[in-house]
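Shown next, in structure tokens, is the structure this report addresses.
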Amino acid sequence: MTRDLLARSTAHWSEGRRAGMEAFYTLATDDYRHLAETRDWAGWLAAAQAEVGDRSLRLLDVACGSGKFPNALVRHAGVAEAGLRPVVTDLLDPSAFSLAEARAALPAPFAPAAEHETTLQDFIPAPGGYDIVWATHALYAVPANDLPAAAAKFRAALGERGRGVIAHSAAAGHYVEFHRRYLEAFGPPGAAPYIAAEALEEALRATGASVAVTEVRYDSVAGLEATGAVEGYLQRCVFDDAVSLSAMQSAPPVAEWLDACRSADGWRFPQVVHLMDVTP
Numbered sequence: 000m001t002r003d004l005l006a007r008s009t010a011h012w013s014e015g016r017r018a019g020m021e022a023f024y025t026l027a028t029d030d031y032r033h034l035a036e037t038r039d040w041a042g043w044l045a046a047a048q049a050e051v052g053d054r055s056l057r058l059l060d061v062a063c064g065s066g067k068f069p070n071a072l073v074r075h076a077g078v079a080e081a082g083l084r085p086v087v088t089d090l091l092d093p094s095a096f097s098l099a100e101a102r103a104a105l106p107a108p109f110a111p112a113a114e115h116e117t118t119l120q121d122f123i124p125a126p127g128g129y130d131i132v133w134a135t136h137a138l139y140a141v142p143a144n145d146l147p148a149a150a151a152k153f154r155a156a157l158g159e160r161g162r163g164v165i166a167h168s169a170a171a172g173h174y175v176e177f178h179r180r181y182l183e184a185f186g187p188p189g190a191a192p193y194i195a196a197e198a199l200e201e202a203l204r205a206t207g208a209s210v211a212v213t214e215v216r217y218d219s220v221a222g223l224e225a226t227g228a229v230e231g232y233l234q235r236c237v238f239d240d241a242v243s244l245s246a247m248q249s250a251p252p253v254a255e256w257l258d259a260c261r262s263a264d265g266w267r268f269p270q271v272v273h274l275m276d277v278t279p
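Now the structure itself:
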């Protein structure tokens, strides 16, 4: 498999594609709220802090995007009020635009530190690794041939006692299933589908890591009148802003999926997310 999908996804994280990014987040920001409400993240971070003693936690945010997850933890999980020390946060992303966006958006107690303009599979972790490594809705465009290397780098970044967290769509979830249908309808032939959570879990376990999975289900919701937001969301889901919503609604098997997601009450895109706790 080539890195065509990775190149297209990286190209969409740019100033010239900001409008598409903002349209996508009209719906997708809720992904991070649901993750933030899934567990007691403030207590989880406090427990990690207690393990390392008086020094600050070291965190690696993999494929950091626009920094939505740390902000969701502050807004919806009480992390800012938990009395934590500053969490020294390294940002990793192949897009310089994303690194700048995430750095500017990072809220306390997360404190921006080093930036790594690279993919996970090409990353060289520092000796000793990080206390926390997370990747939230971040690894869909990893080429299948690179998946073992990406999983190995994630595990290596954890060091001996780190805590890893990955949130990723299962094969049955909207992000993976919609992309599969889009490729069948619009090609090009032989194009790579997104990596599903199940494949990522298998690759991580093959490195010797332990992976515990919590399934998180919810719907991404929009009103019937939100045509522009829905179109932008779906285009960003597949990193292709050349295919209109009306074209998608006319092309099987995408049309059948969208018909099932639309009712008199509006749009509901079914999400099936695997929240993975990874330990070395």
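Residue numbers for the sequence shown follow numbering that gives the first Met the number 0, so the first one is 0 and each next one is one higher.
Just so it is clear, CB atoms sit at the ideal spot from N, CA and C, and this is done for glycine as well.
Asked, Found
"Cα-Cα separation between Y232 and G265, rounded to whole angstroms", "15 angstroms"
"Sub-8 angstroms separation of E197 and A166 beta-carbons", "no"
"Local conformation of H136 per DSSP, three classes", "coil"
"Beta-carbon proximity of G172 to V237, cut-off 8 angstroms", "no"
"As assigned by DSSP and simplified to three states, the class of S245", "helix"
"Coarse secondary structure for S262, derived from DSSP in three states", "strand"
"Separation of P252 from E183, as counted between CA atoms", "7 angstroms"
"Secondary structure of V271, DSSP reduced to three states", "strand"
"Terminal residues of the beta strand (DSSP E) in which L91 lies", "86-92"
"Where the alpha helix (DSSP H) containing A101 begins and where it ends", "95-104"
"N-terminal and C-terminal residue of the beta strand (DSSP E) that R57 is part of", "57-61"
"CB of A221 within 8 angstroms of CB of V229, strictly", "yes"
"C-beta contact flag for L90 and P106 at 8 angstroms", "no"
"Endpoints, the alpha helix (DSSP H) within which Y232 is located", "226-237"
"Whole-angstrom C-beta distance between V78 and F56, which should lie under 8 angstroms", "The question names Phe, but residue 56 in the sequence shown is Leu. About 12 angstroms; that fails the 8 angstroms criterion."
"Pair within 8 angstroms by beta-carbon distance, A71 and L34", "yes"
"Three or more C-beta pairs below 8 angstroms linking the region 136-145 and the region 60-74", "yes"
"Where F185 falls: helix, strand or coil (DSSP)", "helix"
"As assigned by DSSP and simplified to three states, the class of R74", "helix"
"Cβ pair E200, V212 closer than 8 angstroms", "yes"
"Three-state secondary structure assigned by DSSP to T118", "coil"
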